[in-house]
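Protein chains in written order, with numbering that gives the first Met the number 0: chain Z, 0 to 155; chain Y, 0 to 770; chain P, 0 to 275.
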Amino acid sequence: MKLTLTLNGTPRSADVPDRTLLADLLRDTFGMTGTHVGCDTSQCGCCTVNVDDQAVKSCTMLAMQADGCKVTTIEGLGANGLHPVQQAFSQCHGLQCGFCTPGMVMASVDLLRRNPKPTPAQIAEGLSGNLCRCTGYVNIIHAVQLASQVMHGNAP
Amino acid sequence: MNAGTPHALLRKEDQRLITGTGQFSADAQAVGMLFGHVIRSPHAHARITRLDMSAVHAATGVRQVLTAQDVQAAGFTDLPNVVQVKDQQGQPQTVCNMPVLAHDKVLFVGQPVAWVVADTALQAQDAAELAQIDYDSLDVVVTFEDATAPDAVQLHAQAPSNTSVKFEAGNRAAVDVAFTKARFVSDIAIESQRLVGSPMEPRTVWAWHDETKGVTHVHTPTQGVGGMAGFLATITRWPHESMEVHTHDVGGSFGLRGTAYSEHLLVMLSTRQLKKPVRWVGSRSEVFVSDWHGRALRLHGHIALDELGHILAIRFENQVDVGAYNVYFSTHIGARNLSITMGGAYKVPALHMSSHIYFTNTVPVSAYRGAGRPDIAYAIDRLIDHAAHQHGLDGLAVRRKNFIAPQAFPYTTANQTVYDSGQFEAVMDHAIGISEAKGFGQRRADALQRGCLLGRGLAYYLEASGPGGAAKDQVRGSFDPQGILSLHALTGASGQGHETSFAQIVENEIGLPASAVRYLAGEPQHGLVGNTTGGSRTLYGAGSAIKNLCQQLMTQAKPAIAELWACVEADITHVKGEWQEVGGAQRRLRFADWVTSLGAQAAQVHAMGEATSGMTFPNGCHIAEVEIHIATGVAEVAHYWAVDDVGLVISPEQVLGQVQGGVVQGMGQAFGEHAIYDRETGQLLTGSYMDYPMPRAGGLVRHFHHETHAVHTELNLLGSKGVGESGCSGSLPALANAVTDALRQVGAPPIDMPFTPAKLWAAIMAAPRKP
Amino acid sequence: MYAFKYQRAESVTSAAEALSADDAAKVLSGGMTLLPSMKHRLIGPSKLIDLTRLTDLIGVREQADHWWVGAATRHQDVASHLGLQKTVPGLAQLAGLIGDPQVRARGTLGGSLANNDPSADYPAAALALQADILTERRNIQADDFFLGMFATALEPDEIITGVRFRTPLRSAYAKFKHPASGYAMAGVFVAQYPPAVADHGGWRVAVTGVANGVFRWQEAEQALVKGGATPALQRDDVIDDVHAPAAYRTHLAMLMLVQACQAFFDHPKPRCRAAP
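What follows is the structure in structure tokens.
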């Protein structure tokens with residue numbers, strides 16, 4: 000079935016089997032392999048992308064459901080250089096193997112959009128849909144706090 | 000963290016990983032690629048009575064179907080068991096290897112039975128459903144009691160009572176004598192429950208065969224291309240030169256990506272026969288029942304002390320569940336790793352251990368972060384803590400009294416392990432010093448006001464890092480015309496940040512900026528000798544070789560510098576990265592500047608660094624305060640303090656990252672993770688993230704404080720000790736001691752991990768005293 | 000997944016016709032349960048009819064004595080609705096506790112109710128808030144809707160269009176999350192109505208996650224009416240599994256009841272709650 004969407008700012012079209020997942024469309028059809036598949040019960044969040052300004056799990060969406068939508072993947076973040084969240088993740092050592100990182104970053108960007116100055120507890124809640132096995136999350140929470148400061152200043 | 004340089008990234012790896020431009024093995028596409036699918040056993044123990052794949056062959060898009068017969072015809076062996084031991088009578092271990100595809104029996108749910116290759120992954124999956132496979136169910140054994148009962152159903156004809164071996168280490172007679180002389184005797188059995196390691200990248204492999212060169216290229220996450228290539232060569236019996244392993248970015252490993260699985264072999268066989276690239280990507284559900292499982296140990300420790308609290312002997316009786324087959328490192332865990340540091344950081348005159356290694360109808364077990372060392376560290380510390388409480392002794396005083404003193408090194412333990420260095424009491428005091436000990440009483444009272452039981456637990460762990468099986472570690476360094484130094488090695492990363500740490504070593508040693516150094520371990524390295532990553536030895540193993548490389552680069556260029564300065568070599572010394580003229584004009588020249596001055600001639604500069612580095616003994620003191628909410632049984636780690644002796648620190652951020660990651664994995668085991676099998680059916684009841692509680696960002700440690708306390712080691716050139724697994728070794732006993740302490744307030748006895756809310760609540764409800 | 004045909008519904012009527020023409024067809028809403036089930040090949044519909052672009056099924060609207068929420072309304076839109084937070088805080092709170100942020104961006108009310116997972120949250124709200132489940136052909140009262148684990152009163156080709164939640168005087172939801180799945184290990188929804196409007200003297204208590212389906216806890220309702228203590232929950236279908244034995248779940252149900260009622264003591268009048 001045919002679909003059209005805006006991917007990282009560019010209109011794209013595809014003709015794929017109806018059972019194609021959005022994650023597979025992004026990775027296999029469009030070659031955007033930054034979005035990763037880490038599980039099959041919609042729990043790990045490695046596949047998180049942004050559809051119409053919301054963070055969603057692309058493994059639990061059909062490609063067809065994204066028809067006509069605006070999709071942003073990790074590759075489309077930080078159009079000029081790095082997004083503050085990406086920068087902060089590195090500076091705070093909030094990644095080790097990097098497999099969960101694209102999804103974690105996309106979820107963090109969405110979290111800060113909804114709540115620009117989150118407390119650590121709110122950050123943890125906002126990332127409740129993302130698993131990391133390497134870092135132990137401590138530095139991930141620091142990274143989101145740093146990004147919040149950079150993006151929105153220090154005042155609470 | 001330098002906010003003044005907005006584009007400074009902490010690690011070289013970060014640029015590609017934070018932008019989604021890393022290369023994980025499932026990311027590659029190749030023209031004409033085919034896709035494999037594994038048909039797995041739905042039964043825990045059954046005879047295969049019919050295996051009719053005809054409908055699969057005929058299905059749309061199917062290119063090939065393989066069963067055990069095809070694997071046998073190809074001449075492949077079974078998956079290897081790396082370490083074999085002898086039993087108490089000197090008889091060799093009964094080793095039962097896992098076949099690539101099951102023959103006439105299946106022994107665990109998830110065991111590979113057949114293999115389908117098709118034009119698309121979905122077609123392969125669709126076709127697989129057409130297989131007609133009949134199973135005759137057999138009785139299932141999942142527990143130690145069921146498996147080793149005299150009349151238990153046998154998984155393997157050659158292994159009665161499903162016993163692989165009863166292994167012993169140490170001196171039983173000396174231990175028995177010591178116990179007769181003891182004033183205080185205590186014992187405790189602990190379970191280190193079966194875990195699913197779950198690195199976030201599911202297991203993946205793809206391969207293609209280069210007809211013209213006769214080489215099969217295998218792309219897969221590993222812990223080192225050499226190690227994996229070795230396993231593949233052993234199993235396929237193909238010449239080493241006919242295969243090459245390529246590893247790109249690895250999404251976590253923790254021991255699980257270091258070995259060859261059935262799918263590696265099947266992909267290789269298919270690509271040679273079909274002459275097209277073939278790929279297999281595991282689903283998480285598959286990976287739950289096919290990645291080797293971790294831990295699955297029960298350790299029963301006994302301790303004997305004299306009237307002054309000196310330890311006279313420690314004895315362990317261990318039950319080691321290796322799953323359905325002996326694969327890779329399970330015997331290594333159950334024999335060497337449990338015994339090598341079974342006295343911990345203490346002077347123990349007599350040590351003895353017996354390990355009953357047995358089979359069950361479950362996923363085979365191999366190395367998972369620590370591979371037996373967190374488990375024995377856990378058991379020792381719980382034993383000491385338990386004995387102290389049982390006999391009214393002060394646990395800290397017992398530890399102090401029995402620590403091996405700094406002046407006693409090198410120290411040979413009662414079972415012949417030689418520890419090189421340590422300042423155990425100083426490290427413990429350091430940890431106690433930062434852990435706000437004085438305020439604990441008040442914190443406990445405050446917690447009670449809020450309806451919580453607060454417990455405090457201290458643990459001292461010591462572990463042995465991997466000795467390394469290779470004769471030495473080599474790292475080849477060569478410059479390109481742009482003056483960039485490439486380091487070629489065999490030991491790969493899965494998150495440890497080798498590219499950054501090793502560049503840092505070069506910068507520390509000879510002043511070449513880290514930005515001018517590349518570390519490459521993902522490509523086949525012909526002619527290099529070295530160890531695969533594992534056992535927390537890479538930083539000091541390859542790092543020492545890199546330090547040696549740097550020294551060579553300085554000394555081998557001396558003739559050129561002498562010519563430049565028109566002096567004799569004897570007049571040139573070097574300090575770090577700078578040659579210095581002795582006397583005369585006292586000229587100075589920095590290595591980095593010299594390389595730059597060479598221009599394109601820099602490509603002539605190369606050297607082979609090497610070092611022999613055995614095991615080291617990372618150790619430390621971890622202190623946890625755990626708060627249990629009485630009404631719900633939910634436990635939260637209120638405070639966690641850790642002081643680790645990891646020797647010389649190269650990258651403080653990464654050391655901290657390793658400890659945090661290890662501690663949180665320990666928390667996962669302590670508070671919820673458990674691969675639970677149904678005793679009757681052998682089904683894995685916790686077969687997905689829906690039922691297997693992985694640690695998440697919330698509900699974690701509230702305050703985490705870590706410091707290092709470096710004690711120099713001469714065991715390697717770099718002077719570092721491992722750190723990758725220490726977080727697990729320190730956290731299991733610290734957390735368990737804290738929970739035990741919390742429960743003691745209501746008189747509840749110790750319980751085993753995982754300390755789930757339901758278990759803690761039940762323990763508190765059943766306790767004799769009210770909070 | 001097995002192969003299927005995807006189509007976008009033009010209207011509820013045409014969707015219902017498509018369902019009755021093909022008994023292997025299913026409607027697709029948020030997909031948070033349907034798609035994972037299909038990925039595991041537990042089900043293989045012939046056709047998926049996507050309802051989520053039908054604007055008639057989307058929205059949160061206050062009426063005189065109830066709130067209408069469209070069946071295709073996402074959990075996060077219910078959770079963040081300011082008016083709902085003020086007048087039916089328990090409902091907004093519940094929606095904000097479902098799953099995680101990414102799931103809440105896609106999951107819908109209609110999907111949750113139609114699936115009737117015994118550990119899902121929305122059934123507790125529907126039962127406690129005297130909901131009318133509106134389909135394209137009739138209204139079904141909540142008390143008649145939930146028929147046990149994964150079973151509802153819906154006909155195979157019937158489609159939920161929206162839900163009317165009767166506006167209570169006060170409402171609260173307390174949930175103990177399963178440490179792995181995030182579903183309710185015990186979820187208790189308490190709603191208070193004027194005594195004349197609801198049976199049991201105005202109080203309705205609904206429990207999810209504890210038994211084989213959502214149920215009204217009548218002893219709790221009676222105790223709230225009389226002002227006494229609620230006895231321990233007694234049921235013979237309390238879930239007993241590796242995560243929690245029945246005794247623990249029963250205990251959690253009581254804890255969540257107390258927690259939900261505590262919200263009433265803390266906030267005697269309905270008031271705004273901060274977004275989760």
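Even for Gly, the Cβ is constructed at its ideal location relative to N, Cα and C. Keep in mind it's a predicted model, so treat the numbers as computed, not measured.
*Taking Cβ positions only, does L194 (chain Y) come closer than 8 Å to chain P?*
no
Does any residue of chain P bring its CB to less than 8 Å from the CB of G671 (chain Y)?
yes
Exercise for the section: For G125 (chain Z), go through chain P and note every residue whose CB falls closer than 7 Å to its CB, in chain order. Expected result: P100
**Asked** Got a sec: is the Cβ-Cβ distance from R132 (chain Z) to anything in chain Y below 8 Å?
**Response** yes
>> Which residue wins for smallest C-alpha separation from I375 (chain Y), given the options Y:C727, Y:D740 and Y:H155?
In response: Y:C727
- Message: Let me see if you follow: with CB-CB separation under 8 Å, is G75 (chain Z) close to chain P or not?
- Response: no
*State the Cα-Cα distance for the pair L145 (chain Z) and A148 (chain Y), rounded to the nearest angstrom.*
58 Å
Using the beta-carbon count (16 or more within 10 Å), is L41 (chain P) buried or exposed? exposed
Cβ shell of D751 (chain Y) (< 8 Å), same chain only, five flanking positions each side left out: I189, E190 and Q192
Suppose you measure from the CA of G69 (chain P) to the CA of L78 (chain Y); what does that come to, to the nearest Å? 56 Å
> Which residues share a DSSP beta bridge with H621 (chain Y)?
Replying inline: Y:A458 and Y:A641
TODO: Take the Cβ of T818 (chain Y) as the centre, count every other Cβ of all protein chains shown within 10 Å, and call the residue buried at 16 or more, exposed below.
DONE: Chain Y is shown from 0 up to 770; residue 818 (chain Y) falls before or after that span and cannot be answered.
- Message: In this structure, how does DSSP classify P753 (chain Y) when only helix, strand and coil are distinguished?
- Response: coil
To the nearest angstrom, report how far apart M553 (chain Y) and A387 (chain Y) are at their CA atoms. 55 Å
- Item | Neighbourhood of V139 (chain Y) by C-beta distance below 7 Å, restricted to the same chain and skipping five residues each side | A43, H44, N360, E679, T680 and G681
*asked:* Quick check on DSSP: helix, strand or coil for C451 (chain Y)?
replied: strand
Q) Which term fits K769 (chain Y), buried or exposed, when burial requires 16 or more other beta carbons within 10 angstroms of its beta carbon? A) exposed
Exercise. W640 (chain Y) to E713 (chain Y), Cα distance in whole Å?
Worked result: 28 Å
Meets three-Cβ-pair contact criterion under 8 Å: the segment 619 to 637 of chain Y and the segment 453 to 460 of chain Y
yes
Subject >> Separation of I38 (chain Y) from L25 (chain Z), as counted between CA atoms >> reply: 27 Å
Using a Cβ-Cβ cut-off of 6 Å (strictly less than) and excluding sequence neighbours within five positions of D26 (chain Y), which residues of its own chain qualify?
none
Where does H151 (chain Z) fall in DSSP's three states?
helix
### Query
Run through DSSP, which three-state label would I649 (chain Y) get?
coil
Can you pull the chain Y neighbours of Y247 (chain P), defined as C-beta to C-beta under 8 Å?
G632, P756, A757, W760 and A761
| Below 8 Å, can you find three or more Cβ-Cβ pairs linking the segment 78 to 95 of chain Z to the segment 21 to 39 of chain P? | no
**Message:** With a threshold of 8 Å between beta-carbons, can G697 (chain Y) be considered close to chain Z, or not?
**Reply:** yes
Mapping DSSP to helix, strand and coil, what is M227 (chain Y)?
helix
**Prompt:** By the criterion of Cβ-Cβ separation under 7 Å, what are the contact partners of N153 (chain Z) in chain Y?
**Reply:** Those do not exist, as N153 (chain Z) stays about 11 Å from chain Y at its closest Cβ, beyond 7 Å.
### Query
Can you tell which of Y:W205, Y:W291, Y:K346 and Y:G308 has the C-alpha that lies nearest to the C-alpha of P276 (chain Y)?
Y:W205
According to DSSP, is R136 (chain P) part of a helix, a strand, or is it coil? coil
| said: If you reduce the DSSP assignment to three classes, tell me which class T48 (chain Y) lands in. | reply: strand
Residues of chain P with CB closer than 8 Å to the CB of Q144 (chain Z), please, in chain order. Under the 8 Å cutoff, chain P gives no residues; its nearest Cβ is about 18 Å from Q144 (chain Z).
- [ ] Put L4 (chain Z) into one of helix, strand or coil per three-state DSSP.
- [x] strand
- Write down the C-beta distance between L108 (chain P) and V162 (chain P) rounded to the nearest angstrom, noting that I regard them as a contact closer than 8 Å. 6 Å
Is the distance from the Cβ of H242 (chain P) to the Cβ of A630 (chain Y) below 8 Å? no
key: Pairwise C-alpha distance: A141 (chain P) and W202 (chain P)   = 15 Å
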